[in-house]
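Protein chains in written order, with full-length UniProt numbering: chain A, 1 to 285; chain B, 1 to 279. For each residue, glycine too, the CB sits at the ideal point set by N, CA and C. What follows is a single structure, written as structure tokens, with notes after it.
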Amino acid sequence: MDFARPKRMLYFWIDKIGNVLFRLSWHLVHAIIYLCYFTMAMLHGLESHLISRGLLRKYKYLHISKINYLAIVIESEEACRTSNVIQLLLWVATLGINHICLYDNEGILKKSKDVILDKFDGAILFQDTHENNMLLDQPCMTLEFVSFSDGKEAVARAANVLLMKYIKSRAAGSNQGEQIFSESEMSEALKTVGSGGPEPDLLLIYGPARCHLGFPAWRIRYTEIQHMGPLKSLKYGSLIKALYRYTTNLQIWYGNKQVKCSAVLPWKTVNLGKSNRTPSIHGDS
Amino acid sequence: MESESLPRKIFTLCKTLVRKLVFRVLRAGPMPSHIAVIMDGNRRYAKRNRLNEGAGHDAGAMALFYLITYCYELGIKYITAYAFSTDNFRRKPQEVGKIMSLLRESMALLTKITKHQPVRVHFAGNLELLSAELRDGARKLMEATADYSKIVVTICVCYCCSDEILNSVEESVLEKYYNHSYIRDSHDDNDNDDNDGKNTITLVDIEKHMYMAVTPEPDILIRTAHEHRLSNFLQWQTSYTQLASLPIDFPELNSWQLTWVILDFQRNYDYLARKKLQR
Numbered sequence: 001m002d003f004a005r006p007k008r009m010l011y012f013w014i015d016k017i018g019n020v021l022f023r024l025s026w027h028l029v030h031a032i033i034y035l036c037y038f039t040m041a042m043l044h045g046l047e048s049h050l051i052s053r054g055l056l057r058k059y060k061y062l063h064i065s066k067i068n069y070l071a072i073v074i075e076s077e078e079a080c081r082t083s084n085v086i087q088l089l090l091w092v093a094t095l096g097i098n099h100i101c102l103y104d105n106e107g108i109l110k111k112s113k114d115v116i117l118d119k120f121d122g123a124i125l126f127q128d129t130h131e132n133n134m135l136l137d138q139p140c141m142t143l144e145f146v147s148f149s150d151g152k153e154a155v156a157r158a159a160n161v162l163l164m165k166y167i168k169s170r171a172a173g174s175n176q177g178e179q180i181f182s183e184s185e186m187s188e189a190l191k192t193v194g195s196g197g198p199e200p201d202l203l204l205i206y207g208p209a210r211c212h213l214g215f216p217a218w219r220i221r222y223t224e225i226q227h228m229g230p231l232k233s234l235k236y237g238s239l240i241k242a243l244y245r246y247t248t249n250l251q252i253w254y255g256n257k258q259v260k261c262s263a264v265l266p267w268k269t270v271n272l273g274k275s276n277r278t279p280s281i282h283g284d285s
Numbered sequence: 001m002e003s004e005s006l007p008r009k010i011f012t013l014c015k016t017l018v019r020k021l022v023f024r025v026l027r028a029g030p031m032p033s034h035i036a037v038i039m040d041g042n043r044r045y046a047k048r049n050r051l052n053e054g055a056g057h058d059a060g061a062m063a064l065f066y067l068i069t070y071c072y073e074l075g076i077k078y079i080t081a082y083a084f085s086t087d088n089f090r091r092k093p094q095e096v097g098k099i100m101s102l103l104r105e106s107m108a109l110l111t112k113i114t115k116h117q118p119v120r121v122h123f124a125g126n127l128e129l130l131s132a133e134l135r136d137g138a139r140k141l142m143e144a145t146a147d148y149s150k151i152v153v154t155i156c157v158c159y160c161c162s163d164e165i166l167n168s169v170e171e172s173v174l175e176k177y178y179n180h181s182y183i184r185d186s187h188d189d190n191d192n193d194d195n196d197g198k199n200t201i202t203l204v205d206i207e208k209h210m211y212m213a214v215t216p217e218p219d220i221l222i223r224t225a226h227e228h229r230l231s232n233f234l235q236w237q238t239s240y241t242q243l244a245s246l247p248i249d250f251p252e253l254n255s256w257q258l259t260w261v262i263l264d265f266q267r268n269y270d271y272l273a274r275k276k277l278q279r
């Protein structure tokens, strides 16, 4: 008797049923994960509410001076929610962070920049500040609007600037040696093409997934990255928590030695007090 | 001795079966094709377990080999590991020496593995900073495995993304310069306008000179030791990469953490795939 065909049919059906069972298991696992994330979102929401009310002592003091430059990445599909963006900037400005870079991949925020700037008295565009070195001395708020064209495409434009420079130097007869360009020359070329902003200390991502969506690679070498969730779920308490996490987990490098420092240093501190949306700012006397 | 090792053997067998079952369930959904990993926390692991620093790096290397095995079982084709940054040369000479000798041993082990398995090994970074022996060893291994494509392991050594971008810009400039000189020397006046477009550096030119040009962009980048920075690793290539930060040191990375990271990727797969298509 020939058992080969029934055997093949049996293996075929075992394989089919197995695939269906594995697929069902996969859906079950993801359903459980969805419930876990849903529960965590509820708990985070509650924690944000408590932080906003000033009921969690830990978050009452923030050492904001450690954040010289803050970058905010917003998913382009949500970047058209200008009111949410303005609300976020208002919170950040009230906390004492004056130098902010706003990024979205498609440049939607660039189109809304006039509307956004109108809401902040005295705010100026980063591009209008004369020197990067002067940035920290600017008393007023500076806003930088960045998109994909300021990232990889800007590097290509900067490369053309360096190409022209190289052609001129070769025509003049100078010998470049092994390394033609240095990092500082690259940074200068990026400034020349209008994409030479400073490296942010902290990058907050507002979007569904934790990815930087093409933020200029030259500027996020050592930037701390935190995922905040979708912009529509914007919460003041979550912002405070993210800033607190960054400012307290400070790692100071002394040569090869890494020191974790959470000491209270004599920097400008923000007392969040008990009111939830209007923190007062006290400088150290 | 036989009775002591038997329960252990059964336990290991059960663990392997459970892992294979879990991986089979994972493969029912969309899988990443490229995972990148920053091997952070080797020294902290050694300190916590009261080992010498070198033992931490040994444990990290072992964890990397296990990770490659798990990725092979899951059908993940590309694995990239950040083994040694250009900045790491600033560490103590003994530690740098230990990492270099570990690299030498890993190359020897990979050479043996690639004789029996179709694993392509690629070293990304400024290899000129390595000793001549290591550099030649790396180049031989890359040449010997260049035709394999079942699984591609990229070891980033003497690597910094800013250095990669700068190197790529330099290579593009030199290519255009010599192309421009050739055309100028043998030029036809009528072709001048056509050649001006070809003498402009484009994004395609920059990307083809990248150290990481042999692999596609990563789908997941894992960083251990609860750090939330890229530390000059693949920030050019990770525009739409899921960034995963794990609160463990790299030697402690096991199949369960990998499973969790891949489940998270699968949760966001539709969004990330849509963003990649929109580029």
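{"Asked": "Three-state secondary structure (DSSP) of A:L88", "Found": "helix"}
{"Asked": "Cβ contact check for the segment 231 to 238 of chain B and the segment 213 to 222 of chain A: 3 or more pairs under 8 Å", "Found": "yes"}
{"Asked": "A:E224: first and last residue of the uninterrupted beta strand (DSSP E) it sits in", "Found": "E224 to G229"}
{"Asked": "With 16 other Cβ atoms within 10 Å as the buried cut-off, status of A:D121", "Found": "exposed"}
{"Asked": "Any 3 or more C-beta pairs closer than 8 Å across the segment 245 to 259 of chain B and the segment 107 to 115 of chain B", "Found": "no"}
{"Asked": "Start and end residues, beta strand (DSSP E) containing B:H34", "Found": "H34 to I38"}
{"Asked": "Where B:Y271 sits in the DSSP three-state scheme", "Found": "helix"}
{"Asked": "Contact with chain A by B:L203, beta-carbon distance below 8 Å", "Found": "yes"}
{"Asked": "Span separating the alpha-carbon of B:K176 from that of B:E217", "Found": "26 Å"}
{"Asked": "For B:C156, the residue or residues it bridges with in DSSP", "Found": "B:Y82 and B:A124"}
{"Asked": "Contact check, B:F265 vs B:D219, beta carbons under 8 Å", "Found": "yes"}
{"Asked": "Chain A within 8 Å of B:L17, Cβ atoms only", "Found": "no"}
{"Asked": "CB contact below 8 Å: B:M170 versus chain A", "Found": "Correcting the residue identity first, residue 170 of chain B is Glu in this sequence and not Met. Taking Cβ atoms only, chain A reaches closer than 8 Å to B:E170, which makes this a yes."}
{"Asked": "Strand pairing of B:R223, partner residues [DSSP]", "Found": "B:I38 and B:S245"}
{"Asked": "Cβ neighbour criterion (16 or more within 10 Å) applied to A:M164", "Found": "exposed"}
{"Asked": "Segments of 4+ residues assigned as alpha helix (DSSP H) that fall wholly inside the segment 14 to 92 of chain A", "Found": "76 to 79"}
{"Asked": "Cβ neighbour criterion (16 or more within 10 Å) applied to B:W236", "Found": "buried"}
{"Asked": "Assigned exposure category for A:H63 - 16 Cβ within 10 Å defines buried", "Found": "buried"}
{"Asked": "At least 3 beta-carbon pairs within less than 8 Å: the segment 153 to 167 of chain A vs the segment 196 to 213 of chain B", "Found": "yes"}
{"Asked": "Separation of A:F181 from A:V115, as counted between CA atoms", "Found": "40 Å"}
{"Asked": "Nearest candidate by alpha-carbon position, reference residue 280 of chain B, set B:T145, B:C158, B:I206 and B:R135", "Found": "Only positions 1 to 279 of chain B appear in the structure, and residue 280 of chain B is not among them; the question remains open."}
{"Asked": "With 16 other Cβ atoms within 10 Å as the buried cut-off, status of B:I79", "Found": "buried"}
{"Asked": "Interfacial residues, the segment 150 to 162 of chain A to chain B, with Cβ spacing under 9 Å", "Found": "G151, K152, E153, V155, A156, R157, A158, A159, N160 and L162"}
{"Asked": "Cutoff 8 Å: B:N254 Cβ touching any chain A Cβ", "Found": "no"}
{"Asked": "Cα-Cα separation between A:H212 and A:N105, rounded to whole angstroms", "Found": "9 Å"}
{"Asked": "Distance between A:I74 and B:S239 (C-alpha atoms, nearest Å)", "Found": "13 Å"}
{"Asked": "Member of B:N268, B:N49 and B:V121 whose CA lies at the smallest distance from the CA of B:I68", "Found": "B:V121"}
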